[in-house]
Amino acid sequence: MERMRAARLHLPSRTLAVEEVVRPVPGPGEVLVKVEAAGVCLSDVHLLDGTLSPLHLEGDTVTLGHEVAGTVAEPGPDVTGWSPGARVVLQAGEQRRGRTHTRGVDYDGGWAEYALATASTLVALPDTLPFEQAAIIPDAVSTPWAAVTATGDVRAAEAVGVWGAGGLGAHAVQLLRAVGAHPVVAVDPAPAARRRALEFGADLALDPADPLFREKVLGATGGVGLRAAFDFAGVPPVHEQALTALAPKGRLVLVGLSDQPLTVARGTLFSYLQHRILGHYGSEGHHVPELVRLAEGGRLDFSRSISDVLPLEDAAEAVRRMETKEGDPVRIVLRP
Numbered sequence: 001m002e003r004m005r006a007a008r009l010h011l012p013s014r015t016l017a018v019e020e021v022v023r024p025v026p027g028p029g030e031v032l033v034k035v036e037a038a039g040v041c042l043s044d045v046h047l048l049d050g051t052l053s054p055l056h057l058e059g060d061t062v063t064l065g066h067e068v069a070g071t072v073a074e075p076g077p078d079v080t081g082w083s084p085g086a087r088v089v090l091q092a093g094e095q096r097r098g099r100t101h102t103r104g105v106d107y108d109g110g111w112a113e114y115a116l117a118t119a120s121t122l123v124a125l126p127d128t129l130p131f132e133q134a135a136i137i138p139d140a141v142s143t144p145w146a147a148v149t150a151t152g153d154v155r156a157a158e159a160v161g162v163w164g165a166g167g168l169g170a171h172a173v174q175l176l177r178a179v180g181a182h183p184v185v186a187v188d189p190a191p192a193a194r195r196r197a198l199e200f201g202a203d204l205a206l207d208p209a210d211p212l213f214r215e216k217v218l219g220a221t222g223g224v225g226l227r228a229a230f231d232f233a234g235v236p237p238v239h240e241q242a243l244t245a246l247a248p249k250g251r252l253v254l255v256g257l258s259d260q261p262l263t264v265a266r267g268t269l270f271s272y273l274q275h276r277i278l279g280h281y282g283s284e285g286h287h288v289p290e291l292v293r294l295a296e297g298g299r300l301d302f303s304r305s306i307s308d309v310l311p312l313e314d315a316a317e318a319v320r321r322m323e324t325k326e327g328d329p330v331r332i333v334l335r336p
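Residue numbering for the sequence shown follows UniProt numbering, starting at 1 and increasing by one per position.
Quick look at the structure:
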């Protein structure tokens, strides 16, 4: 049996190690993909620190990595339409028995030399899109894209706020600009994150602690407030502040994950203004192909999103840098 290197998380001890494991063999309906690039996400950090646990994993060890791009190495015995060498990006998960299973969480992911994938989760990748940029489309880009276009249903010329300008939030800014939102107001306590938001296309970047915060939002929106607000931080103070900045009938979309209670301080005012709070998670199958087409057509640019590329052996270092925000990374990519 052929073997390969993989970064494996042992869940009982929450330890990560690069190990030699058996290289998987594709069965019916499956494709073996040679991994060329795999993104490192805050979800990976949370799997290591114990704040996130798999729901459907069989066993106690998993290869991390849900943002994966590479080339087809070997199609399964009944797979048609995919030939060895084809460039692909993988969906971050799939439906199994009516439940969403996430790659690199509920089953082995792409922090490895090879990854096994159901053929239906492969998306063709044009030669013009580098593997490093393509790898982060599932989740880092597709999650905010789905939040903006589906859950948030943002329309052109709507005023929108983005709380948290990290990996997902920074992409949300770029995507909001692409769909014609105006103005786009980014909110983050970190000066570096605010500068990044402006580089990604925000019209205004504010510190949430600014004593004139609400006045500045109203000034940027003609005194009306935000039609939509997106929380990518996942902390209660964001919910509270975002609701104060919403226009009548505005909606707050919760993208950042949190186990903290969700409260509305002024229930009567919330009802009077007809505000809405919407939960959001991940993306659907059509969102990744949409983003690939937009990037291929020059409508989106992910070159600024890749903060560093590290070898697979440095997976633990990549996680540490994402957790501590050393160097203010948007996305770090592993190359097996």
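The C-beta atom is built at its ideal place from N, Cα and C for all residues, glycine as well.
The continuous beta strand (DSSP E) containing Ser307 extends over residues 306–311. Three or more Cβ pairs drawn from the region 292–307 and the region 168–184 lie within less than 8 Å of each other, which places the two stretches in contact. Thr100 and Glu67 have their C-alpha atoms some 16 Å from each other. Each of Pro289, Leu11, Thr121, Leu198 was checked against the Cα of Asp49, and the nearest Cα belongs to Leu11. Between Glu94 and Thr118, the gap from beta carbon to beta carbon is short of 7 Å. Under the three-state reduction of DSSP, Trp145 is assigned to helix. Measuring C-alpha to C-alpha distances from Thr143 to each of Val253, Ala69, Gly110 identifies Val253 as the nearest. When DSSP states are grouped into helix, strand and coil, Ile136 belongs to the coil group. Relative to the Cα of Thr80, the nearest Cα in the group Val309, Leu122, Thr63, Ser13 belongs to Leu122. For the options Val255, Ser258, Asp139, Ala265, the alpha carbon positioned closest to that of Gln241 is the one of Ala265. Of all alpha-carbon atoms in Pro336, Trp163, His56, the one lying nearest the alpha-carbon of Phe213 is that of Trp163.
If the five residues before and after Ala146 are omitted, its C-beta is found closer than 6 Å to the C-beta atoms of Ser283, His287, all from its own chain and listed in chain order. Cβ neighbours of Asp78 within its own chain (closer than 8 Å, five residues either side excluded): Pro28, Gly29. Nearest neighbour of Val319 by Cα position, chosen from Gln260, Ser43, Ala135, Glu19, turns out to be Ser43. CA-CA distance, Arg251 to Val18, rounds to 44 Å. Sorting Arg196, Lys249, Arg304, Pro208 by C-alpha distance to the C-alpha of Val224 places Lys249 at the top. A residue is called buried when at least 16 other Cβ atoms come within 10 angstroms of its Cβ; Ser305 meets this threshold and is buried.
Secondary structure at Thr221: coil, using DSSP grouped into helix, strand and coil.
Burial state of Glu36 is buried, judged by a 10 Å Cβ sphere holding 16 or more other Cβ atoms. In this structure, Ala135 lies near Val333, with their beta-carbon atoms less than 7 Å apart. Linking Pro261 to Val31 through their CA atoms gives a straight-line distance of about 42 Å. In the three-state reduction of the DSSP assignment, Gly167 falls in the helix class. Annotated three-state conformation of His10 is strand, per DSSP. When the Cα atoms are used, Leu310 and Asp210 turn out to be separated by approximately 37 Å. Residue ranges of uninterrupted alpha helix (DSSP H) with 4 or more members, entirely inside the region 33–81 and ordered along the chain, are 42–49. Annotation note: the region 201–280 contains the following uninterrupted alpha helix (DSSP H) runs of length 4 or greater, listed N- to C-terminal: 213–220, 236–245, 267–272. Where Val333 is concerned, the enclosing beta strand (DSSP E) starts and stops at 331–335. Residue burial annotation: Arg14 is exposed, with fewer than 16 other C-beta atoms found within 10 angstroms of its C-beta. Spatial neighbours of Pro84 in its own chain (CB-CB distance under 6 Å, excluding positions within 5 residues in sequence) are listed in chain order as Val72.
Here DSSP, grouped into helix, strand and coil, assigns Met4 to strand.
In this structure Ala92 is buried. Its beta-carbon is surrounded by 16 or more other beta-carbon atoms within 10 angstroms. Below 8 Å, too few C-beta pairs join the region 269–285 and the region 191–201 to call them touching: fewer than three. Secondary structure of Leu129 (DSSP, three-state): coil. Pairing Trp82 with Ala7 gives a Cβ-Cβ distance that is not under 7 Å.
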